Each structure stands twice: as C-alpha cells, then as structure tokens.
Amino acid sequence: MDQQLLPFVKYSDKDRIPDTPHLSLTIEGDSTVDVWVDDPTYNVLFTITRAADDPNTQSCIIHWNPVEDGCSQSGAVLIFHGSHGLRLEEVDPEKLPTKLLIPREVTASDPCFKELVPGSSVSWKTTLPAVHFEDSGPDAPYSILWPGGQIPIWDWGTLAEHSERTLAPKFPQVVLPGPSYQSFVTLNYESDPEYFEDPPPPSPRAISPSARVNGAPIFSIRIAGPATLPMKNQSSSRLRYPLTVTVSYNGEAGLPHSDRPLTFRSFIFKRPDDHNEGYRLYRGGNDSWTPYEWRTHQRGFIVTEPAPLNVGRNDENNFWTLKPGESWSFTREVSEFPKDLAPGDRFRYLFKGATLDWWNWGNFEDHKDTVVWVPGWLVAKVQDPSDNEGRPIVVVPASNTVEFTLVD
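And the structure:
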C-alpha cells in the first residue's frame, strides 16, 4: 500500500533536513463514514512522534494546528481506491481551512504549541472537512493520507524557556514526512437520524451520589416540568417540552476553600441529549422505558481552529459562579422526539449525571486572566488544560426524573 501511495507524497524521509528534529506523523480515524447526512463527520487523531534515536537529544518546541496544518490545502488528502487504481479526490481549496504563516506567541495554554523530547509523542483530535465527501458515493473505499509537510514554527529548547516570546516561521523548516494513512469505507445505506441500523452499545447507568470524589466540591441537580405536553396537531419536529433545571453547589465543611465561591464551565448542563452522559429521554412501553436514540448531536461538528474562552470575561455565558449554598436555575427545551407520536404516549426525562470539564476556586474577577481552550465548534469539553490542572474531579450525580404524557 505504501508503494501505491508514493505518487501522492510531497515529503518523505529522504527530505529530512540535518540539525532539525526527527518527527513523524500518524493518522488514526473511523472505519466508516456516513456520507448521506448533511455534514459528514470523519473523526481524526493526529499524533506527532519524535524519534527515540534522534541524533540531537535536546528538547524542541513546535507549533502545529490540527485544523490549519492538518486539514488545510497543504494538509491531509483523500484518496479513492478505484478498480483501476488510486485517485486523488480534488477539493476546492477555498472550502478548506487557511494556513496562516504568521508569528506566534509561545504560551503553555496554546494547545498548538507542544514540547517534544526524543521518544515522546503529542496528539490532537479534529474532524476532516465535510467538503471532502461532497462527491462521495455509498460503499466506497477511501484512505485519508498525510502526504508529508513542513513545520515552519519551531525551535530548540522548552516551552518554559520560550514562554511569552514570539516565534516567526524559520528556515530550515522541520519536515513531517509521509506517507501515513487510515483507510475507511462510506456506508451503503441512508442513515435515518432517528434509528441506528446496528443498535449502539448499552448506555451507561445513571451516576450515583456514591461516585462523588472525596475532597471535591459537591454539586447536585434537579429538573422540573409539566405533566402533559399538548400536541396541537404538531409534528414531532415542532414539539417543545419546557424544563426548569436547577444546579446547586452544596459545599462541604472542612474542605480547603469550602467557604469560597467557585467558577465552573456550564457546558454539561446545556449540551444536547447524549447517549453516554448528561440528559436522556426515555419512551414508555407496556412494562419498561426505552431510551430514545438520535444522532443529530453526534454529527453536529464543524472543523474550526481551537477556540480560547476567557473565563472572567465570560462573553457567551459559558461559565457560572456560585457560593456555597447557592443555586443557578435556567430553562431548557426537550426538542428531539420519535416520529411516530400519538396522544397518550408517555415519556421520562432526566439528567443521568456527568463530570465538570473545568472548575476552579474564585469568582469571575479572580479569573479575569484565565483562558481555557475548547474545540472550535464549542459544543465539546475543554481540551486544554486537559486534566483541570489536577483539581479533584467534580462528579454531578443523576437528577430526579420527570414524566409527562402527550395530549391532544
């Protein structure tokens, strides 16, 4: 396979430049992609590894953006496996992300700046631009190929040594050779956003209060809604069930900072219904409740550059501050229902539980200079800092359940 891909390779191992880090890139991705949906989503994991036997043993730093560098015109390409050989799928470059060759300030909070020593690796997750699949048909074999490229912003040393310095594109550039590829096939059926042809794995159980982490702040959540939902001759796509959600910070005596406010990202309380965590709708049957599976939230991603969120400024209400004993309430609508609805149908809704992706002690003023990084589509968890800087994981157990019935 590697030999067949050589005509599409721009930079190979032979193009490495002396006195530059010896880096390589690998691609991992999904085994299938559904091209029938409006915006096909193909998930990609890019991993850059520095050779363990790199002749130069000192640390190096690189700036590599999984969107601008990995998915731009000079990034990964799509190869079709046809009966007469391999074919490069041409894409309108105007529809691909733009790679900006501009100076960059080195900060530890920038997820595109990474430090590498011999034998180490760094990874980024993103999605391939949907434009690659505009002319794709069903049941077709493809490969996503890294043809090789260059890293223009790099230097010897550590992130700490270069902190707050500005690095400009330099020569020689670091070669990131190809080929590296991941093969997949397009699905051969038109996916209905309501049903899975193959049932998904069982959804995890609702999170119990016993799952809380010792030493972490205590959160709880309650939901409330009406007992009935009028259909009023509306289709399932127009139904809206109003819900009031109340999030409480209960605090815990004896904990460090237990009398202080804390600030948290509100993402898990506002995200769409999810198979694994967060909110979930169940449909009542004769003797049981069946979870309703839908896919809209699983394919609603847009490839964009990682986005910084300033916590203290809180421009788009992504964060909230609570003191011990305080609560925060907001309204939410359940808007995804099965198609075959009828008066008398019963539903159950709850928050199954989740973990805060970012929190810290203090209020907005304390965090006026705090920045976290999230995927550019925003409807995803914080990427950097990935471990919340070592603070205890805040587990929010499942809420109470509300039940309602459809009426004329």
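Numbering (the UniProt record's numbering), first residue to last: 1 to 408. Even for Gly, the Cβ is constructed at its ideal location relative to N, Cα and C. No experiment lies behind these values; they were computed from the predicted model shown.
Would you tell me roughly how many angstroms separate the C-alpha atoms of residue i and residue j, rounded to the nearest one?
i	j	result
residue 392	residue 155	35 Å
residue 54	residue 4	28 Å
residue 190	residue 183	Because residue 190 sits at a pLDDT of 42, beneath the cut-off of 50, its placement in the model cannot be relied upon, and the following sentence gives the value as read from the coordinates. Roughly 21 Å between the two C-alpha positions.
residue 30	residue 43	6 Å
residue 296	residue 172	Because residue 296 sits at a pLDDT of 39, beneath the cut-off of 50, its placement in the model cannot be relied upon, and the point is left open.
residue 272	residue 159	37 Å
residue 12	residue 179	7 Å
residue 270	residue 46	29 Å
residue 195	residue 289	Only weak support exists for where residue 195 lies, its pLDDT of 41 falling under 50; the value from the coordinates is given anyway. Spanning the two alpha carbons is a distance of roughly 17 Å.
residue 121	residue 79	26 Å
residue 243	residue 401	11 Å
residue 162	residue 111	15 Å
residue 316	residue 109	20 Å
residue 90	residue 151	24 Å
residue 399	residue 285	22 Å
Quick one, which of the options has its alpha-carbon nearest residue i's?
i	options	result
residue 177	8, 367 and 115	8
residue 260	99, 308, 366 and 33	366
residue 338	105, 28, 240 and 354	240
residue 103	50, 170 and 126	170
residue 331	245, 124, 271 and 284	245
residue 382	396, 62, 308 and 29	308
residue 323	312, 130, 252 and 279	252
residue 23	95, 72, 67 and 123	123
residue 283	274, 219, 6 and 345	345
residue 82	135, 51, 351 and 140	140
residue 275	203, 208 and 143	203
residue 313	286, 292 and 369	369
residue 281	242, 270 and 334	334
residue 208	10, 41 and 394	394
residue 230	28, 341, 134 and 78	341
residue 136	39, 18 and 310	39
residue 216	222, 28 and 262	262
residue 27	93, 125 and 212	125
residue 463	287, 325, 213 and 319	For the chain, the structure presents residues 1 to 408; residue 463 sits outside this window and is missing.
residue 101	88, 74 and 164	74
Assuming residue i and residue j form a contact by the criterion Cβ under 8 Å, report the distance between their Cβ atoms to the nearest whole angstrom.
i	j	result
residue 405	residue 227	7 Å
residue 264	residue 359	4 Å
residue 328	residue 247	5 Å
residue 206	residue 350	7 Å
residue 250	residue 210	With a Cβ gap of about 15 Å, residue 250 and residue 210 do not count as contacting.
residue 373	residue 384	4 Å
residue 117	residue 61	The pair is not a contact, with the Cβ atoms about 11 Å apart (cut-off 8 Å).
residue 175	residue 348	Incorrect: roughly 57 Å between the Cβ atoms, too far for contact.
residue 127	residue 35	Actually they do not touch by this definition, with Cβ atoms about 14 Å apart.
residue 133	residue 67	That pair is no contact at about 17 Å.
residue 129	residue 71	6 Å
What does DSSP give as the partner residue(s) for residue i in the beta ladder?
i	result
residue 403	348
residue 174	151
residue 182	144
residue 77	145
residue 29	44
residue 384	373
residue 283	290 and 347
residue 327	248
residue 125	45
How about residue i and residue j: are their beta carbons less than 8 Å apart?
i	j	result
residue 50	residue 119	yes
residue 131	residue 86	no
residue 99	residue 69	yes
residue 267	residue 321	no
residue 144	residue 76	yes
residue 396	residue 354	yes
residue 232	residue 278	no
residue 19	residue 65	no
residue 408	residue 343	yes
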